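As you go down the protein sequences, you meet chains U and Y in turn.
The working numbering numbers the first residue of the first sequence as 51 and each following residue consecutively.
The working numbering numbers the first residue of the second sequence as 51 and each following residue consecutively.
Below is one structure, written out as structure tokens, with a few remarks after it.
There are 2 protein chains.
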Amino acid sequence: MSKEKPSIPKGTRDFGPAVVVKRNYIFGVIKRTFEKYGYLPLETPAMEQLSVLTGKYGDEGDQLIFKVLNSGDFLSKTSAADIAQGSKHMVRKVSEKALRYDLTVPFARFVVMNRNEISFPFKRYQIQPVWRADRPQRGRYREFYQCDADVVGTNSLLCEAEIVQMIDEVLSTLGLTDFSIKINHRGILAGIAEAIGEKGREGELCVAIDKLDKIGKEGVRKELMERGIATAAIEKLEPLYDLSGSNQNKLTELTNLLGQTTEGSRGLSDLQEVWKYLEQLQSKALTTENPSGQPRLQLDATLARGLSYYTGCIFEVKVNNANMGSISGGGRYDNLTGMFGLPGVSGVGFSFGVDRVYDVLEELHLFPDSSQVGTKVLLVQFDKESEQHALPLLQQLRDAGVASELYPEPAKLKKQMSYADQKRIPFVVLIGSEEIASGKLKLRNMQSGEQQDFSPDDLVAYLAR
Amino acid sequence: MSKEKPSIPKGTRDFGPAVVVKRNYIFGVIKRTFEKYGYLPLETPAMEQLSVLTGKYGDEGDQLIFKVLNSGDFLSKTSAADIAQGSKHMVRKVSEKALRYDLTVPFARFVVMNRNEISFPFKRYQIQPVWRADRPQRGRYREFYQCDADVVGTNSLLCEAEIVQMIDEVLSTLGLTDFSIKINHRGILAGIAEAIGEKGREGELCVAIDKLDKIGKEGVRKELMERGIATAAIEKLEPLYDLSGSNQNKLTELTNLLGQTTEGSRGLSDLQEVWKYLEQLQSKALTTENPSGQPRLQLDATLARGLSYYTGCIFEVKVNNANMGSISGGGRYDNLTGMFGLPGVSGVGFSFGVDRVYDVLEELHLFPDSSQVGTKVLLVQFDKESEQHALPLLQQLRDAGVASELYPEPAKLKKQMSYADQKRIPFVVLIGSEEIASGKLKLRNMQSGEQQDFSPDDLVAYLAR
Chain U
51 MSKEKPSIPK GTRDFGPAVV VKRNYIFGVI KRTFEKYGYL PLETPAMEQL
101 SVLTGKYGDE GDQLIFKVLN SGDFLSKTSA ADIAQGSKHM VRKVSEKALR
151 YDLTVPFARF VVMNRNEISF PFKRYQIQPV WRADRPQRGR YREFYQCDAD
201 VVGTNSLLCE AEIVQMIDEV LSTLGLTDFS IKINHRGILA GIAEAIGEKG
251 REGELCVAID KLDKIGKEGV RKELMERGIA TAAIEKLEPL YDLSGSNQNK
301 LTELTNLLGQ TTEGSRGLSD LQEVWKYLEQ LQSKALTTEN PSGQPRLQLD
351 ATLARGLSYY TGCIFEVKVN NANMGSISGG GRYDNLTGMF GLPGVSGVGF
401 SFGVDRVYDV LEELHLFPDS SQVGTKVLLV QFDKESEQHA LPLLQQLRDA
451 GVASELYPEP AKLKKQMSYA DQKRIPFVVL IGSEEIASGK LKLRNMQSGE
501 QQDFSPDDLV AYLAR
Chain Y
51 MSKEKPSIPK GTRDFGPAVV VKRNYIFGVI KRTFEKYGYL PLETPAMEQL
101 SVLTGKYGDE GDQLIFKVLN SGDFLSKTSA ADIAQGSKHM VRKVSEKALR
151 YDLTVPFARF VVMNRNEISF PFKRYQIQPV WRADRPQRGR YREFYQCDAD
201 VVGTNSLLCE AEIVQMIDEV LSTLGLTDFS IKINHRGILA GIAEAIGEKG
251 REGELCVAID KLDKIGKEGV RKELMERGIA TAAIEKLEPL YDLSGSNQNK
301 LTELTNLLGQ TTEGSRGLSD LQEVWKYLEQ LQSKALTTEN PSGQPRLQLD
351 ATLARGLSYY TGCIFEVKVN NANMGSISGG GRYDNLTGMF GLPGVSGVGF
401 SFGVDRVYDV LEELHLFPDS SQVGTKVLLV QFDKESEQHA LPLLQQLRDA
451 GVASELYPEP AKLKKQMSYA DQKRIPFVVL IGSEEIASGK LKLRNMQSGE
501 QQDFSPDDLV AYLAR
């Protein structure tokens with residue numbers, strides 16, 4: 051056996067108990083919300099056929115897929131000629147499987163494979179890790195969880211309204227109070243391009259406008275000109291950067307500008323309908339104001355997000371009082387399963403970036419104490435006699451549902467206390483010769499340092515509260 | 051984009067909503083029990099350094115590890131000479147990472163990497179998938195979950211007693227009533243070998259005895275003779291196959307046979323101490339009888355399980371009224387982290403085979419109804435008018451914590467009912483013109499077919515019970 055100093059692959063992480071418990075708290079809030087809205091869990095294998103993944107994420111994406119070497123004699127199907135053609139050619143010869151790159155393609159694959167058993171509309175959520183051979187950096191990992199919810203098989207804009215509701219509910223439940231759910235529509239972007247005389251060039255407009263936060267109005271103007279957008283068009287475009295006032299004001303202004311374009315009016319009418327649904331649902335996203343005085347749901351005509359993929363409404367969520375990019379996003383797509391030969395299945399989906407949500411909750415100190423609890427009480431063991439008295443109590447505590455431990459061997463009190471400290475165990479029971487004689491146990495509150503005497507029964511009742 | 055008919059790699063599975071919900075029920079029971087005993091969750095990355103895994107599972111195991119191809123130009127470090135040496139040599143040149151093969155080696159790797167931060171005894175559980183390039187067959191998959199709990203850094207036999215308690219509690223909570231927790235000790239096996247005059251050959255004895263269930267006493271005798279075990283030794287051995295009576299009887303008989311051997315008496319004294327702990331914990335595993343009249347915990351001197359790895363107590367669990375191999379097992383090891391250069395860390399652990407537990411619960415119809423619930427009520431949508439009346443109710447239901455859905459578009463009643471059926475939604479609300487006029491809603495119980503009228507508020511209260 052080797053004795054090397056072990057390490058883990060770069061870009062991957064171990065999650066120790068304290069972190070797992072906090073991550074599970076986030077997953078729990080998200081799952082309960084998804085389920086309340088009728089979404090049910092799906093799990094797909096970590097490995098997919100390489101052919102299922104290839105060609106779905108663009109050339110760059112294909113490079114970032116982790117390929118799994120065929121087992122056994124993987125060179126058996128290769129020749130010197132194959133090898134001479136280099137790695138790109140060889141991949142297909144030595145690898146048939148690959149690690150999941152996202153949850154969307156496996157979902158589409160699942161829908162197509164099970165189309166005859168699935169009852170549409172099909173609402174599923176999926177919380178699983180994905181793997182990307184990206185260069186690791188702060189906040190970017192090679193293994194990370196995605197947290198997706200999608201509904202396919204319906205065009206109803208109620209689904210979009212419910213996505214706003216779910217985002218609002220998850221973030222509110224997590225204790226966030228200052229966030230913006232930005233919404234836009236692919237039709238608005240196409241309508242803008244048409245209205246300013248650059249029909250069909252919304253892709254280029256978006257790439258530039260997407261940088262507004264980073265490079266400012268002048269920077270975007272420069273980039274648009276480099277891309278050959280006419281100066282007159284840019285001038286018509288700029289007022290859209292800071293459409294102000296209420297969402298209804300923005301909708302009115304946009305109607306004046308784009309109402310005559312086919313795509314623009316499709317986008318506007320969809321957004322109006324989403325708003326109507328949210329009003330009927332008495333959505334807090336419409337009525338709750340951020341500290342800035344804005345409602346949580348904000349129409350943003352410059353939101354561009356993933357243009358190549360989406361065809362209808364698009365979403366993006368930002369926490370305003372934390373130093374973090376978007377923590378959630380999504381949109382409607384017309385043809386998710388077309389890649390596997392099943393056209394005409396429209397759907398809409400969104401996802402949470404769990405690593406980012408985690409960092410935001412840490413930054414804002416929003417993890418509740420209850421998300422950190424493991425063992426509630428440690429029984430200290432001084433010697434065999436104290437162990438004998440502790441064992442029946444231990445069982446009584448567990449029977450009452452109290453997570454409890456007896457330190458498994460006699461050890462110095464200091465060592466046992468530091469064990470409790472490190473596991474953040476809030477209570478410790480001391481059973482020394484004095485306690486055995488009196489029949490009263492000492493319960494120590496590890497946070498306050500207070501000690502209190504209890505009979506065994508009262509102690510169990512107190513901790514089981 | 052390719053239009054091939056998509057598939058998943060052999061030996062892997064998609065888990066649809068109904069199955070995920072049932073699996074999560076099992077995981078939930080296991081997690082809650084682990085946590086009640088002070089075990090906390092750990093998660094490690096799916097990919098480990100290949101060097102961390104290689105050499106830990108024997109030659110056959112090494113073959114079954116899924117290797118991940120280096121990203122980018124993976125051939126760049128190879129030459130024609132490497133290729134000529136074949137796959138076994140090439141693996142190290144083109145792959146540095148591999149998929150987790152079990153949870154034990156990553157746990158040992160974690161302990162060694164974090165030894166300065168960890169407070170010992172360290173109790174962790176880990177529920178994650180592992181991957182093995184085994185030939186798939188019924189009940190054997192290439193991706194499957196393991197469910198481990200281990201405590202390292204203490205020799206206390208309280209840990210063994212608590213493992214018995216956890217197994218008993220998990221299986222009882224899952225509704226199983228006829229199972230056996232078999233326990234033995236590595237020292238007993240070594241003592242037997244010594245006592246029958248074949249000291250040090252317990253490995254060979256065990257391989258043969260392990261087949262007792264399959265090939266019978268005669269078959270084992272034949273195999274032992276082929277292995278060169280003396281006839282006199284075999285004759286001394288055979289009475290052990292069917293040691294009968296109470297566990298204490300068995301301990302007495304074993305003491306007569308092995309009490310003089312060092313290893314045998316170590317094993318016997320450890321087992322006696324485990325029993326003493328269980329008595330002090332008033333363990334139901336000692337007092338609850340199976341339908342056969344045996345207690346759940348049974349000393350089995352022929353239990354051999356994973357001899358090369360374990361050094362103390364060993365466990366194995368079988369459900370007696372189901373057609374299934376062992377569903378749980380484990381044992382004590384002296385030197386888990388020695389493979390990474392950190393000697394002297396003793397520990398004990400066990401795991402549940404979740405796929406097998408799942409099949410057993412299905413076979414015995416033990417999944418509770420509550421483990422199948424997703425959405426509780428579907429609001430049927432006849433037309434825009436019924437939708438308008440449904441939307442505020444939908445929100446009211448969700449605010450009351452009731453998982454609920456409005457069918458997202460008007461559709462034939464039959465289609466909506468079949469949607470509810472397939473999702474096993476237990477209640478459906480009908481809001482037609484009659485209901486709108488009367489202000490009373492019709493609630494249909496999908497199982498009984500009964501219908502009842504409610505005011506909206508009463509309906510919410512009824513479903514939120």
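Just so you know, even glycine gets a beta-carbon here, dropped at the ideal spot from N, CA and C.
Owing to the predicted nature of the structure, the values given are computational and were not obtained by experimental measurement.
On the DSSP bridge list, what partners appear for residue i?
i	result
Y:E193	Y:W181
Y:Y175	Y:P91 and Y:A199
U:G399	U:D200 and U:G381
Y:L491	Y:F504
U:F432	Partner(s): none; U:F432 has no beta bridge.
U:F229	U:V369
U:V69	In the DSSP output, where bridge partners are listed per residue, U:V69 has none listed.
U:S454	U:V427
U:L274	Looking at the DSSP assignment, U:L274 forms no beta bridge with any residue, so it has no partner.
Y:Q187	Y:R190
May I ask you to report which of helix, strand or coil DSSP gives residue i?
i	result
U:K55	coil
U:G266	helix
U:N234	strand
Y:L255	helix
Y:K300	helix
Y:S101	helix
U:E110	helix
U:F124	coil
U:V118	strand
U:F170	coil
Y:F84	helix
Y:F417	coil
Y:L480	strand
U:A96	coil
U:I279	coil
Y:N74	helix
Can you give the Cα-Cα distance for residue i and residue j, rounded to whole angstroms?
i	j	result
U:D132	Y:L125	12 Å
Y:A130	Y:D152	34 Å
U:D405	U:F194	8 Å
Y:T204	Y:S169	11 Å
Y:I284	Y:I265	16 Å
U:A148	U:G253	31 Å
U:E248	U:A351	16 Å
U:I177	U:L226	21 Å
U:I364	U:G237	10 Å
For residue i, which residues of its own chain have a beta-carbon under 6 Å away from its beta-carbon, when the five flanking residues on both sides are left out?
i	result
U:V407	I76 and I377
U:E466	Per the sequence shown, residue 466 of chain U should be read as Gln rather than Glu. Within the same chain, U:Q466 has close Cβ partners V430 and Y457.
Y:E323	L207
U:A280	none
Y:E455	T425 and L428
Y:K232	Q348, D350, L353 and E366
U:T223	V79
CB-CB under 7 Å to residue i, same chain, minus the five flanking residues each way: which ones, in chain order?
i	result
Y:M389	K106 and A158
Y:K490	D503, F504 and S505
U:E146	Q99, L100 and N120
Y:T305	L318
Return the chain-ordered list of same chain residues with a C-beta closer than 8 Å to the C-beta of residue i, the five sequence neighbours on each side being excluded.
i	result
Y:L328	A211, V214, Q215, A335, L336 and L347
Y:S401	L153, Q196, C197, D198, A199, S378, G379 and G380
Is residue i near the ligand GTP, with its Cβ less than 6 Å from a heavy atom?
i	result
U:D433	Within the structure as shown, the ligand GTP is missing, as the structure has no ligands at all.
**Request:** Mind listing, in chain order, the continuous beta strand (DSSP E) runs of no fewer than 3 residues lying wholly within the segment 139 to 163 of chain Y?
**Result:** 147 to 149
**Completely contained beta strand (DSSP E) runs for the segment 320 to 397 of chain Y, where each covers 3 or more residues** = 347 to 349, 363 to 369 and 378 to 383
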